[in-house]
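Here is the structure we will look at, set down as structure tokens.
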Amino acid sequence: MLNETDQLRQQLAATTDTAKKSRLGQFFTPSPIARFMASLFRPSTETHCRLLDPGAGIGSLSLAFLERCQNGELCFDDIRVDAFEIDEVIVPHLLDSLQEAGRHTASVVRVLPTDFIRAAVDSLLGNLFTAPLPRYSHVIMNPPYRKIRNDSPHRNALRQVGIETVNLYSAFAALSLALLAPHGQLVAILPRSFCNGPYFRPFREFILARAALRRVHVFERRDRAFRNDNVLQENIILLLERGGQQNDVEISISTDDSFSDITIHTWPFADVVDLSDHQLFIHLPSAKADDIALPPSACFSLDDLDIQVSTGPVVDFRQKAYLQAMPADQSVPLLYPGHFAENSFTWPIIGFRKANAIERNSHTERWLYPTGFYTVVRRLSAKEEKRRIVASVVDPAGLQGASMIGFENHLNVFHCRKEGLPESLAYGLASYLNTTAVDTCFRRFNGHTQVNATDLRNLTYPDRETLQALGEWSMRQRDLSQEMIDAELRRRVG
Ligand SMILES: C[S@@+](CC[C@H](N)C(=O)[O-])C[C@H]1O[C@@H](n2cnc3c(N)ncnc32)[C@H](O)[C@@H]1O
């Protein structure tokens, strides 16, 4: 059944228009992921299965769950499935596939062609005019992803049941958790952004107060889970147990949805969530246990080092009138990520698709930095880049004697009180940021695809002398490979 549904999924992914997909958050789960998700449910003493699939699409997740029941891996006296789906175009497909699977597993299947948020809120509020939903023993979900506006009916409905959240996916997850029976299990595939996004703090608090985090699965490649739909978003899979006692957490990692290189490690809960941290960030290691820590001597903040990092202040579309394809009188270099390639800096670039220069005048003056050595980090890493953090150095020798520099908004700039850094420090900082140790640590704490100045402020660094020595070493090298940088950091800081 699931294999047939997979064909339908691919057909719908190719034929549904993008506007509808994004309006309904409609990205269907491929069968390998659906099966993996269903495999995470742990056998329990529960004899009555009440399964909830909110935002069920064409039913791939319920089907994967029922497949496990059919294979005898999960045993219940009776199974009832509630599948919510708001899109009337796909409801008939959902009905077909679930009814057939229901026959094979002697399950009672209900397809509810209605808004899950409204139905769940009504049920939780005990609205007398709507039939209450059962307390579910299992939830399997890949919820829609879309921001919820502060003044929207959904947001108001959610507030009535004490859920304050900013996206449909977290709303679906919070409501489903609220509908779970004690010791009920919830398996969800969710964007990783909720683990540390500041807006998701109430959501993190909501789930951590009600459930034990049992298992997390991380995909190492952010473009792999929903590749047919071109979804470039890091997704993780969670297993939560309502009201369970929080013990260690299992964290598994695979490159992609083939799960062929999966590794699993068990982590003390305190390593995953620090309950004394007001933000309640969920830290997910993205490498083996022994690879993740930064060297203990790299314990200095940027403040300690008297270095600042800022987002490049020139927002090009706001300064359109002053942009110039090539440098001319009265203009200064404008630097974009495109001016930096691995280990090299080229300016100006002939035929560059962005501007190379910006006019220096009374409007632009305040956005410019005096010429000097600066370390820059791209805010968005290119898909093919192995590391998330990609750092380079601006060498003033390549700027044709310009007195000022404009940094475009897609770069983060390390500076010393708005001026350049000593040359060796700029190179040392870039080398340090380009190490595998920093990248791994960064990924552990950060699920975004962006590297923001705040993220760079939250990292710790070696002391200034060590950074300068690392910089002097890197300036002496002709070609710098990843292995060389990693080995040099180990040699200097252990
Ligand atoms: C990300 S898709 C996942 C579908 C399915 N769970 C799967 O894994 O393939 C989310 C689904 O939720 C549906 N949906 C969106 N908003 C909804 C709502 N308010 N109530 C019920 N379903 C909704 C969409 O139409 C879409 O089919």
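Start counting the sequence shown at 102; every next residue gets the next number (this note's numbering).
Note that CB positions come from ideal geometry on N, CA and C, so glycine has one too.
If you're wondering where the values come from, they're calculated on a predicted model, not measured in any experiment.
Identify whether residue i lies in helix, strand or coil by the three-state DSSP scheme.
{"i": "residue 389", "result": "Reliability fails at residue 389, whose pLDDT of 48 lies under 50, so the model's placement of it is uncertain and no value is given."}
{"i": "residue 559", "result": "helix"}
{"i": "residue 187", "result": "coil"}
{"i": "residue 584", "result": "helix"}
{"i": "residue 218", "result": "helix"}
{"i": "residue 490", "result": "coil"}
{"i": "residue 408", "result": "coil"}
{"i": "residue 162", "result": "helix"}
{"i": "residue 471", "result": "strand"}
{"i": "residue 374", "result": "strand"}
{"i": "residue 365", "result": "strand"}
{"i": "residue 541", "result": "helix"}
{"i": "residue 212", "result": "strand"}
{"i": "residue 461", "result": "coil"}
{"i": "residue 427", "result": "coil"}
{"i": "residue 450", "result": "coil"}
{"i": "residue 318", "result": "strand"}
{"i": "residue 576", "result": "helix"}
For residue i, which residues in the same chain have their Cβ closer than 7 Å to its Cβ, ignoring the five residues on either side in sequence?
{"i": "residue 198", "result": "102, 106, 159, 160 and 164"}
{"i": "residue 469", "result": "433, 461, 505, 506 and 507"}
{"i": "residue 342", "result": "284, 286, 312, 313 and 315"}
{"i": "residue 304", "result": "266, 271, 275 and 295"}
{"i": "residue 235", "result": "151"}
{"i": "residue 399", "result": "561, 562, 563 and 594"}
{"i": "residue 497", "result": "472, 473 and 474"}
{"i": "residue 579", "result": "none"}
{"i": "residue 148", "result": "177 and 178"}
{"i": "residue 376", "result": "none"}
{"i": "residue 588", "result": "none"}
{"i": "residue 536", "result": "586, 587 and 590"}
{"i": "residue 391", "result": "Low confidence applies to residue 391: its pLDDT is 46, below 50, so where it sits in the model is not reliable, and the reading given next is rough at best. Correct list: empty, nothing qualifies."}
Leaving out the 5 sequence neighbours to the left and right, which residues in its chain are closer than 8 Å to residue i when beta-carbon positions are compared?
{"i": "residue 576", "result": "524, 525 and 528"}
{"i": "residue 385", "result": "293, 296, 317, 319, 337, 352, 373, 545 and 548"}
{"i": "residue 237", "result": "151, 152, 153, 183, 277, 280, 281, 282 and 285"}
{"i": "residue 475", "result": "494, 495, 506, 508, 514, 515, 516, 521, 522 and 527"}
{"i": "residue 242", "result": "153, 154, 155, 156, 162, 273, 274, 277, 287, 288, 289 and 290"}
{"i": "residue 306", "result": "381"}
{"i": "residue 553", "result": "412, 480 and 513"}
{"i": "residue 402", "result": "558, 561 and 562"}
{"i": "residue 104", "result": "132"}
Look at the Cβ atom of residue i, then the Cβ atom of residue j, and state whether they are nearer than 8 Å.
{"i": "residue 513", "j": "residue 415", "result": "no"}
{"i": "residue 397", "j": "residue 501", "result": "no"}
{"i": "residue 288", "j": "residue 339", "result": "yes"}
{"i": "residue 94", "j": "residue 190", "result": "For residue 94 there is no data in the structure shown, the boundaries of the chain being 102 and 595."}
{"i": "residue 127", "j": "residue 116", "result": "no"}
{"i": "residue 467", "j": "residue 381", "result": "no"}
{"i": "residue 459", "j": "residue 431", "result": "no"}
{"i": "residue 538", "j": "residue 590", "result": "yes"}
{"i": "residue 109", "j": "residue 194", "result": "yes"}
{"i": "residue 206", "j": "residue 167", "result": "yes"}
{"i": "residue 139", "j": "residue 169", "result": "yes"}
{"i": "residue 144", "j": "residue 175", "result": "yes"}
{"i": "residue 219", "j": "residue 406", "result": "no"}
{"i": "residue 247", "j": "residue 269", "result": "yes"}
{"i": "residue 424", "j": "residue 435", "result": "yes"}
{"i": "residue 346", "j": "residue 370", "result": "no"}
Using a Cβ-Cβ cutoff of less than 6 Å, which residues in the same chain neighbour residue i once the five nearest sequence positions on both sides are dropped?
{"i": "residue 389", "result": "With a pLDDT of only 48 at residue 389, under 50, the local geometry of the prediction cannot be trusted, and the value read off the model is given with reservation. The answer is none, since no qualifying residue turns up."}
{"i": "residue 216", "result": "187"}
{"i": "residue 230", "result": "none"}
{"i": "residue 365", "result": "351 and 353"}
{"i": "residue 264", "result": "275"}
Name the one or two DSSP bridge partners that residue i has.
{"i": "residue 336", "result": "292"}
{"i": "residue 384", "result": "Residue 384 pairs with nothing; no bridge assigned."}
{"i": "residue 516", "result": "409"}
{"i": "residue 268", "result": "248"}
{"i": "residue 239", "result": "152 and 286"}
{"i": "residue 551", "result": "481"}
{"i": "residue 505", "result": "471"}
Hey, does residue i have any beta-carbon neighbour from chain C nearer than 8 Å?
{"i": "residue 313", "result": "The question asks about chain C, but that chain is absent: this structure has only one protein chain."}
Inter-stretch contact (C-beta, 8 Å, three-pair minimum) for the segment 302-312 and the segment 250-262: no
At least 3 beta-carbon pairs within less than 8 Å: the segment 154-162 vs the segment 270-288: yes
At least three beta-carbon pairs within less than 8 Å, the segment 177-188 to the segment 209-224: yes
Segment contact, 8 Å Cβ cut-off, at least three pairs: the segment 471-481 with the segment 447-454: no
Stretch pair the segment 403-413 + the segment 557-575: three plus CB contacts closer than 8 Å: yes
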